[in-house]
Amino acid sequence: MMRVSLSSWYKSGSPFVWLNAGAVAISLVMVIGLIALIAVRGLGHFWPGSLMEADYRLPGQPERVILGEVVETEKVPTLRLESAGVPVVEAEFMQRDLIKIGNRDLTGGDFVWVLDDFLQDRRYPDALVTVERREWGNFYGRLKAVYEDEQLVASGEQAWPVLQERIERALDIHDQIYQIEKHQIGAINSSMERLRLRERRYQLNGTYTAASEAEIASERAELDAAYRVLEAELSELYVRFNRDHMVGVASDGSEVRISLGNVVRAFRPNAMGLLQKIGFYFAKLWEFVSDDPREANTEGGIFPAIFGTVMMVILMSIIVTPFGVVAAVYLREYASQGPITRAIRIAVNNLAGVPSIVYGVFGLGFFVYFLGSNIDQLFFPEALPAPTFGTPGLMWAAITLALLTLPVVIVATEEGLSRIPSAVREGSLALGATKAETLWRVVLPMASPAMMTGLILAVARAAGEVAPLMLVGVVKLAPSLPLDGNYPFLHLDQKFMHLGFHIYDVGFQSPNVEAARPLVYATALLLVVVIAVLNLSAVAIRNHLREKYKALEV
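When we follow full-length UniProt numbering, the leftmost residue of the sequence shown carries the number 1, and every step to the right adds one.
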C-alpha cells in the first residue's frame, strides 16, 4: 500500500515541485546573503570608528604607542607566528588586529598588524583627532595649534573650534578654485582648441585669408584677456587657500604641519554622540556617490564612474534596440523560413555565447583602428595626427556592447513576435491595412513587452561587463565627464570611467590594498543598485505596455 502511494505521489509530479521550490529558495538565500555581505563590508566603512591608543609591548622589541582605528580582527595559529619569529603564548591560536594608523607621510603605510595579547593600557581619549587629507591619507593624533601664515591663532583646546572654522573657509575657497579651473578656464581652453582647429582647417582648405586671420586673432585676444582675469583671481585664491595650517602631534610625539588646503574634514570620533555619528555617516555616503575620487581611487567618491556607467548603458540601449528589433522583424515577418534563415538563427544564438573579450578585440580593431581612423581622415583632418575618433572612447564602447547584446534583443523580440496569433495579422489585412501598417500599428505594439524584456537582459549584461571596455574606452581616472557645458556638450570621443572597471582597478591594481578593500565592496553594492534601478525602470515600462495591450492577450 505504501509502495502504491509513493508511486502515485511520484507520478503526480509533486517531488519535482518541491525540488524546484527548494532550488529557488536556496538561490534566493545565496543572492540575499551575497548582497548582505557586500552591504555590511562596504557600508560599514563609512561609520566613524573610535580611535584607540594603547601601549604595544612585544617581547624583545622596544615599547611603542599604537594609535589608530581597529578595522579587522582574526585568529592565527601560533605555529605560523613561531615560524615568523614572533614570541607567542601557550595557546593554539592568537588574535591579531589590523589597525589603521594613518600618518603615511611618517610611517610609510596606513595599516599595521599587531598581536592583541600585547596591547596594554587601551584608552580612548576624546582629544584624539582624525584629519582626512587630500594627499597622504588620514592623520591620527592630537591637535596642538592653528596658524595663519606663521602667526599663532590658537593652541590647546581653544584651537579646535578655530580649526573647524578655518577648514570651512578653506573648503569654500577650494570650491571657488574648482569652479574656475574646471568650468570657466575649462570653457576657455575648449574655445581655444576649437579656434586652433578652425585655423588649421582654413589652412588645409586654402581659405586662410587675411580677413579670417584677423577674425581668429581677435577671438583669441578676447579669450586671452578673459583667461588673464581668471588667472589673477585664481592666484589670489591660492594665496588665501594655502595661508592657514595646523600642527598635530602624532603617537610617537613628532609634530606634523598640515596645510588646511589639504584637509577635507577633521573630527573627534571618540567625542561624537550617536546622532553626530549618524550625520557623519550619511555625509560620507553622499561624498562617496557625489564626489570625484582621490588618493589613487582609494578615497573620495565615484561619481564619474556612476555617470560613465549610466551614460554608456543609455547609449548602448539607444543603439541596440532598433537594430535588434529590425533584425527580428525581418527574420520572423519577411524572410522565407528556409535553411538560410535557420542558419542565421543558429549563428545569432551562437553569438550570444562568444566571450566578451572577443567583442572587445573586434571593437578595437574594427571600430577604433579602422572606422575611427577613416572618420578622422574624412571629417577631422585638422586635428591629425592627434586622433579624434581613432582612439578608444564612449561611442566605441557603447557600439561594442550593443554588438555584444544584440543577439539577446533579437532572440527576445523574435519570441514575442512568434507568440502573436496569425489571426491578428490576417484580421488586420482583411480590414484593408497593408502589411507595413499591420506591422507598425498592430504587431510591433503587441510585441513591445518582449522587446523590453530583451532590453532588460541586454542592460543587465552590458552594465556589468569589464573585459571589452578595457580595450575600447574605459580608463582608471577621467578628469572630466563626457557630458558638460562645452560644445558639442556630449563628447562621444572622450574616455570615461566605469563602475565595473573601477572595482577591478581598486581591488587588484591599488597600491594600498587594505584601504581599497572596503571600497571594492561599496562600489560593488552600488553597481548592483545601478543595474537594479535601470532594470526596474525597464520593467515598469514593460508592465505598462502589457497592461495596455492586455486585451489582445499577448
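Positions of the beta carbon are idealized from the N, C-alpha and C atoms, including for glycine.
Where do the N-terminal and C-terminal ends of the alpha helix (DSSP H) with residue i fall, by residue?
| i | result |
| --- | --- |
| I188 | I185 to N205 |
| D376 | S373 to F379 |
| L525 | V513 to K548 |
| A283 | L274 to S290 |
| A328 | F303 to V329 |
| N349 | P339 to L351 |
| residue 559 | Lying before the first or after the last residue shown, residue 559 is absent from the chain, which here runs from 1 to 554. |
| V361 | S356 to F362 |
| R220 | A210 to F241 |
| T107 | R104 to T107 |
If residue i sits next to residue j, beta carbons under 8 Å apart, how far is it from one beta carbon to the other, in whole angstroms?
| i | j | result |
| --- | --- | --- |
| V474 | H498 | 5 Å |
| L471 | P482 | Not a contact, Cβ separation roughly 18 Å. |
| S259 | H245 | 5 Å |
| L128 | R268 | 7 Å |
| V76 | N297 | Between N297 and V76 the Cβ distance is about 30 Å, and since that is not below 8 Å, they are no contact. |
| V71 | K100 | 5 Å |
| V263 | R104 | In fact, because the Cβ distance is near 15 Å, the residues do not count as touching under 8 Å. |
| E514 | F111 | 4 Å |
| A412 | T453 | 5 Å |
In the DSSP output, what is residue i paired with across the bridge?
| i | result |
| --- | --- |
| I258 | M246 |
| E132 | N138 and R265 |
| L119 | Y56 |
| P293 | G300 |
| V474 | F496 |
May I have the straight-line CA-CA distance separating residue i from residue j, to the nearest angstrom?
| i | j | result |
| --- | --- | --- |
| M30 | I38 | 12 Å |
| E414 | D291 | 43 Å |
| G109 | V530 | 34 Å |
| N20 | E333 | 37 Å |
| I35 | L519 | 15 Å |
| E553 | M316 | Confidence at E553 is low in this model, with a pLDDT of 49, below 50, so its placement is unreliable and the value that follows should be read with caution. If you take the alpha carbons of E553 and M316, they lie about 31 Å apart. |
| A460 | A538 | 11 Å |
| N374 | M311 | 25 Å |
| L331 | V408 | 14 Å |
| H544 | R240 | 57 Å |
| T405 | A462 | 7 Å |
| M1 | S8 | Unreliable positioning characterises M1 in this predicted model, as indicated by a pLDDT of 45, which lies under 50. The coordinate reading is nonetheless provided below. Near 11 Å, if we compare the C-alpha coordinates of S8 and M1. |
| S50 | T309 | 35 Å |
| S12 | W440 | 45 Å |
| P421 | E547 | 18 Å |
| D172 | G261 | 10 Å |
| T321 | P48 | 46 Å |
| G485 | E69 | 42 Å |
| A54 | L115 | 12 Å |
| E426 | I410 | 24 Å |
| F323 | S336 | 20 Å |
| residue 555 | L237 | As shown, the chain starts at 1 and ends at 554. That puts residue 555 outside it, with no answer to give. |
| F288 | F303 | 7 Å |
| P468 | L401 | 8 Å |
| I346 | V358 | 19 Å |
| V153 | V162 | 8 Å |
| E92 | I66 | 25 Å |
| A226 | L98 | 52 Å |
| R96 | S251 | 20 Å |
| L204 | L364 | 29 Å |
| E193 | A383 | 10 Å |
| F362 | G390 | 14 Å |
| K144 | A159 | 7 Å |
| L6 | A25 | 25 Å |
| A187 | E219 | 14 Å |
The beta strand (DSSP E) with residue i in it runs from where to where?
| i | result |
| --- | --- |
| Q95 | F93 to K100 |
| Y140 | N138 to E148 |
| I66 | R64 to P77 |
| F267 | V263 to F267 |
| A154 | Q151 to S155 |
| A54 | M52 to Y56 |
| W47 | Unbroken run through W47: none, as it is neither H nor E. |
| F111 | F111 to L115 |
### Runs of alpha helix (DSSP H) lying entirely within the stretch 477–510, each at least 4 residues, in chain order
499–508
### Message
Extract the residue ranges of the alpha helix (DSSP H) inside the stretch 393–453, only unbroken runs of 4 or more that lie entirely within it.
### Response
394–418, 422–430 and 435–438
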